[in-house]
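If you read the protein sequences in the order shown, they are chains A and B.
With our numbering, the residue at position 47 of the first sequence is 224, and numbering never jumps.
With our numbering, the residue at position 154 of the second sequence is 419, and numbering never jumps.
Structure first, then comments.
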Amino acid sequence: MFPTLDPLLHSELRLAVMSLLVSAEEAEFPYIKEQTGATAGNLSVQIDKLSAAGYIEVEKTFKGKKPCTLCRITPTGLKAFEDYVESLKSYLIR
Amino acid sequence: MEENSNMTAERSLAIITEQIEKNRRAVSKTLGQSLYISGLCIMATSVLVAIINFLSMSSGMVGIGHLLWFLLPVAIWFFSRKYIKERAHRPTNMVGQMVAKTWQTFAIFSLGFFIIAIVCTAILFPMMTTAEYSVVQIRVAPIIVLLMGMAIAMNGQILNQRWLVWFGAVAGLLCFVWEHFEVLTWLLVHCLPLKPYEASVFMSTLPCVTIFIFGFVGLLLPGMMLKKQAV
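The following block contains the structure:
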């Protein structure tokens, strides 16, 4: 029996965002957009979903006069990501 | 990247690997650029200091060029802002932060020590005879090269580059001994038949040559290496 994969993470863009945040302490919205190649609107929607699930924290600040959106992974998000990778392993091994 | 929930396990793994690798490259590039610019600034400053020291020697203001070192943090900050444009939204990681903090700590200690040495010299020099002063004076160069060697060795540990650890430790200690025990003065007095003016030119420019080499090996080379890795 295969373990169920977290539906929130089993999506290309959300998984890409989480993978990026796992290896960076925090990242700004434009950087995530650049690295994932997503559109701003789509990325914003997916970030809201991850934030609502408590997987990431979103902080809206200012850099000088420009608004700046910072994203960082939460311990819940890190645990969910680890569980997701563990589940993936079982799919790949069989 | 589109919204796709029907991915295979292989595709999921590929996305994870690709994003982690992309991020590693972006962080390496930013760190490499910072080290590269800092190395260039240190090398340029040491050349400038040597030139000013040489030119000011005839006017009797020995070592006045060393005051330029205070401008180094400003120069690094200015050129980093000018040339690392995309840095505004680049993330950092533990390695990048540790390297940056190591050099920031070095800057705090060396500039602080420099200020203490200048203040002490200003207070002690008028109060003492030359013989007394030569005993109690604070010598800046040995401490700076020791601190710089330590920072380079620490960077080598953080970046997992053994050659950098060895260079920092060996060059830092050897240059400390060289500067502290005034090996150059001894060599000039006993081995080279130089005139006092020529000897003082050597003595005021040699610390600049040492710092130039430290800047090249300790900052510029690792910066180039990280930039190359990021391509």
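Every residue, glycine too, gets a C-beta built ideally from N, C-alpha and C.
Express the C-alpha separation of residue j and residue i in angstroms, rounding to a whole number.
| i | j | result |
| --- | --- | --- |
| B:ILE478 | B:ARG404 | 20 Å |
| A:VAL235 | B:THR370 | 31 Å |
| B:SER375 | B:LEU332 | 13 Å |
| B:CYS306 | A:LEU247 | 31 Å |
| B:MET363 | B:LEU296 | 11 Å |
| A:SER188 | B:ASN425 | 35 Å |
| B:ILE380 | B:VAL292 | 34 Å |
| A:LYS237 | B:CYS473 | 46 Å |
| B:SER469 | B:MET359 | 39 Å |
| B:TRP443 | B:ILE329 | 22 Å |
| B:VAL384 | B:MET393 | 15 Å |
| B:SER345 | B:MET308 | 15 Å |
| A:PHE206 | A:GLY214 | 12 Å |
| B:SER323 | B:LYS294 | 45 Å |
| B:LEU459 | B:ILE409 | 27 Å |
| B:ALA340 | A:LYS243 | 25 Å |
| B:PRO461 | B:ARG290 | 53 Å |
So, under 8 Å CB-CB, residue i and residue j are touching, yes? Tell me the CB distance rounded to an integer number of Å.
| i | j | result |
| --- | --- | --- |
| B:SER277 | A:LEU192 | 6 Å |
| B:PRO407 | B:HIS445 | 4 Å |
| B:LEU389 | B:VAL401 | 6 Å |
| B:THR450 | B:ALA416 | About 27 Å separates the two Cβ atoms, so there is no contact after all. |
| A:ASP183 | A:TYR261 | 5 Å |
| B:TRP334 | B:THR357 | In fact, because the Cβ distance is near 27 Å, the residues do not count as touching under 8 Å. |
| B:GLU465 | B:VAL327 | With the sequence shown as reference, residue 465 of chain B is identified as Ser, and Glu is not the correct amino acid for it. Right, their Cβ atoms sit about 7 Å apart. |
| A:LEU186 | A:PHE258 | 7 Å |
| B:PHE432 | B:VAL482 | 6 Å |
| A:ASN219 | A:LEU190 | 7 Å |
Quick one: which chain B residues come within Cβ less than 7 Å of residue i?
| i | result |
| --- | --- |
| A:TYR268 | ALA274 |
| A:LEU227 | In chain order: nothing, as chain B lies at least about 13 Å away. |
| A:LEU255 | Residues of chain B passing the Cβ test: none, with the nearest at roughly 13 Å. |
| A:PRO196 | With the sequence shown as reference, residue 196 of chain A is identified as Ser, and Pro is not the correct amino acid for it. Result: ILE280, ILE281, GLN284, ILE285. |
List the endpoints of the continuous beta strand (DSSP E) containing residue i.
| i | result |
| --- | --- |
| B:LEU313 | Looking at the DSSP string, B:LEU313 is not in any beta strand (DSSP E); the run it does join, the alpha helix (DSSP H), is 274 to 321. |
| A:VAL235 | 233 to 240 |
Quick check on the DSSP output: the alpha helix (DSSP H) that includes residue i runs from which residue to which?
| i | result |
| --- | --- |
| B:GLU463 | 461 to 480 |
| A:THR253 | 252 to 270 |
| A:VAL194 | 189 to 200 |
| B:ILE341 | 337 to 348 |
| B:ILE423 | 405 to 423 |
| A:THR213 | 206 to 213 |
| B:GLU444 | 427 to 445 |
List, in order along the chain, the chain A residues whose C-beta lies closer than 8 Å to that of residue i?
| i | result |
| --- | --- |
| B:ARG346 | Correct list: empty, because the minimum Cβ distance to chain A is about 12 Å. |
| B:ASN358 | SER200, ALA201, GLU202 |
Residues of chain B with CB closer than 8 Å to the CB of residue i, please, in chain order.
| i | result |
| --- | --- |
| A:GLU263 | None at all; the shortest Cβ gap to chain B is about 12 Å. |
Can you pull the chain A residues whose beta carbon is under 9 Å from the beta carbon of residue i, in chain order?
| i | result |
| --- | --- |
| B:ARG289 | SER200 |
Given a limit of 7 Å on CB to CB distance, which residues of the stretch 202 to 218 of chain A reach chain D?
In summary, chain D is missing from the structure at hand, where the protein chains are A and B.
Taking contact to mean at least 3 C-beta pairs separated by less than 8 Å, is the stretch 478 to 489 of chain B in contact with the stretch 432 to 442 of chain B?
Counting Cβ pairs under 8 Å, three or more are found: they touch.
Counting Cβ pairs closer than 8 Å, one from the stretch 202 to 213 of chain A and one from the stretch 301 to 316 of chain B, do we hit at least three?
no
Three or more C-beta pairs closer than 8 Å, one from the stretch 244 to 260 of chain A and one from the stretch 185 to 202 of chain A: is that the case here?
yes
If you pair each beta-carbon of the stretch 483 to 494 of chain B with each one of the stretch 417 to 434 of chain B, do three or more pairs fall below 8 Å?
yes
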